[in-house]
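Visitor: Following the working numbering, the numbering of the sequence shown begins with 50 at its first residue and continues without gaps.
Ideal Cβ positions, reconstructed from N, Cα and C, are used throughout, including at glycine.
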Amino acid sequence: MPELPEVETVRRHLHSQIVGSVVVEIACSRPDLRYPLPIVELAHLRGASIVAVLRRAKYLLLVTDAAVNKPIALVHLGMSGRLFVQHGAAEPWRKHEHWRWRLQSPTGEHQLRYVDARRFGLLDVASAANDHRLLEHLGPEPLSLQFNTMTLLASIGSRSTPIKSTIMDAAVVVGVGNIYASEACFRAQLDPLRPAREVTAAQAERLVAAIQVVLQQAIAAGGSTLRDFVGGDEAAGYFQQQLDVYGRSGAPCNRCAVGGVAASIRRVVVGQRATFFCPVCQI
50 MPELPEVETV RRHLHSQIVG SVVVEIACSR PDLRYPLPIV ELAHLRGASI
100 VAVLRRAKYL LLVTDAAVNK PIALVHLGMS GRLFVQHGAA EPWRKHEHWR
150 WRLQSPTGEH QLRYVDARRF GLLDVASAAN DHRLLEHLGP EPLSLQFNTM
200 TLLASIGSRS TPIKSTIMDA AVVVGVGNIY ASEACFRAQL DPLRPAREVT
250 AAQAERLVAA IQVVLQQAIA AGGSTLRDFV GGDEAAGYFQ QQLDVYGRSG
300 APCNRCAVGG VAASIRRVVV GQRATFFCPV CQI
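(1) Since Pro-54 and Gly-272 are thought to touch, with beta carbons under 8 Å apart, how far apart are those beta carbons, to the nearest angstrom?
(2) What did DSSP end up calling Cys-305 once you bin it into helix, strand or coil?
(3) Return the chain-ordered ranges of every alpha helix (DSSP H) run that is complete within the stretch 85 to 166 and spans a minimum of 4 residues.
(4) How about Leu-63 and Leu-94: are their beta carbons less than 9 Å apart?
(5) Take Tyr-295 and list the residues in its own chain whose beta-carbon comes closer than 7 Å to its own, dropping the five residues that flank it on each side.
(6) Which residue from Val-124, Val-117, Ala-101 puts its Cα closest to that of Leu-109?
(7) Is the Cβ-Cβ distance between Pro-244 and Thr-198 less than 9 Å?
(8) So what's Arg-297 in DSSP terms, helix, strand or just coil?
(9) By the three-class DSSP mapping on this structure, what secondary structure does Arg-315 have?
(10) With a CB to CB cut of under 7 Å and the five nearest residues on each side skipped, what residues in its chain are close to Val-100?
(11) For Arg-105 versus Val-248, is the C-beta spacing smaller than 9 Å?
(12) Give me the Cβ distance between Val-56 and Leu-126, rounded to the nearest whole Å; I'm assuming they're in contact under 8 Å.
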């Protein structure tokens with residue numbers, strides 16, 4: 050599933066390519082994805098200009114200047130969705146392509162296209178950037194000032210769930226998916242299995258910093274392409290080349306190796322998700 054760095058990579062490309070474009074047509078090849086598509090409301094966006102492409106958690110917000118009650122399109126990529134820009138006149142629909150927007154800008158015509166083999170993605174409309182039922186109960190953005198040691202400790206409270214599962218809870222902090230949760234725990238030298246309520250203030254401070262650094266580095270690398278993720282320009286990410294623990298079960302721990310200690314990365318299942326860590330230097 051595309052996580053925050055992957056969605057932010059798509060957002061940045063879309064923002065650079067389609068802001069200022071006019072929506073000429075919105076076409077759908079089917080009536081639903083995860084939920085029914087709001088065909089009538091989407092039609093009201095025709096003739097409007099796209100003024101911004103925002104992100105909240107793993108949702109993309111296509112903001113238009115349409116004079117309607119719900120001028121914002123909300124997009125989620127699901128497990129394997131691809132949202133990309135194709136410049137020039139429309140090309141034939143691809144297999145598993147479910148919707149596309151025909152756009153016109155001063156530089157010419159282009160298409161915003163969505164392909165999703167599993168159909169777990171979402172396209173809906175909203176009246177404001179934070180006014181949608183799927184956005185109501187989300188926690189702070191991990192790269193914002195609202196996410197810090199104090200807010201993390203307050204959210205942890207008396208939770209007994211493993212700290213890795215806790216930071217993957219979108220009510221605690223948004224966008225920290227499985228890959229980056231494992232990587233952040235490693236950077237913070239924190240056992241991902243440790244009950245959240247046992248995390249000290251010093252450990253929480255390290256974890257917040259680790260989450261932020263890992264996400265920033267992943268965004269700079271265009272995200273991680275482990276299977277089929279591509280950005281808005283259909284280019285693969287390459288942060289997977291920098292992973293310390295995720296997917297490295299049985300491999301030497303990079304940190305322990307520097308100190309001359311023989312330790313191997315372990316794989317366990319936490320909350321039905323594969324979790325990777327070093328049993329020696331993560332405590």
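Guide: Taking the coordinates as given:
(1) As a working mapping, residue 54 is identified with position 5 in the sequence shown. As a working mapping, residue 272 is identified with position 223 in the sequence shown. Contact flag correct, Cβ pair sits at about 5 Å.
(2) Translated into positions along the sequence shown, residue 305 becomes position 256. Helix.
(3) 88 to 92
(4) For the purposes of this step, residue 63 is taken as residue 14 along the sequence shown, with counting starting at 1. For the purposes of this step, residue 94 is taken as residue 45 along the sequence shown, with counting starting at 1. A distance of 9 Å or more separates the beta carbons of Leu-63 and Leu-94.
(5) In the sequence shown, the residue the question calls residue 295 occupies position 246. So the list reads Ile-228, Ser-231, Glu-232, Phe-325, once near-sequence residues are dropped.
(6) Here residue 109 refers to the residue found at position 60 when the sequence shown is read from its first residue. If we check each option's Cα against that of Leu-109, Val-124 comes out closest.
(7) Here residue 244 is taken as the residue at index 195 of the sequence shown, counted from 1. Here residue 198 is taken as the residue at index 149 of the sequence shown, counted from 1. Cβ atoms of Pro-244 and Thr-198: not closer than 9 Å.
(8) The count along the sequence shown starts at 1 and reaches residue 297 at position 248. Three-state result, Arg-297: coil.
(9) Here residue 315 is taken as the residue at index 266 of the sequence shown, counted from 1. Arg-315 falls in the strand class under three-state DSSP.
(10) Position 51 of the sequence shown, counted from the start, is the residue given in the question as residue 100. Excluding residues within five positions, the ones whose Cβ falls inside 7 Å are Val-68, Val-112, Thr-113, Asp-114.
(11) As a working note, residue 105 is residue 56 in the sequence shown. As a working note, residue 248 is residue 199 in the sequence shown. No, the pair does not count as a contact, with Cβ atoms beyond the cut-off.
(12) One-based indexing of the sequence shown puts residue 56 at position 7. One-based indexing of the sequence shown puts residue 126 at position 77. Rounded, the Cβ-Cβ distance is 7 Å, consistent with contact.
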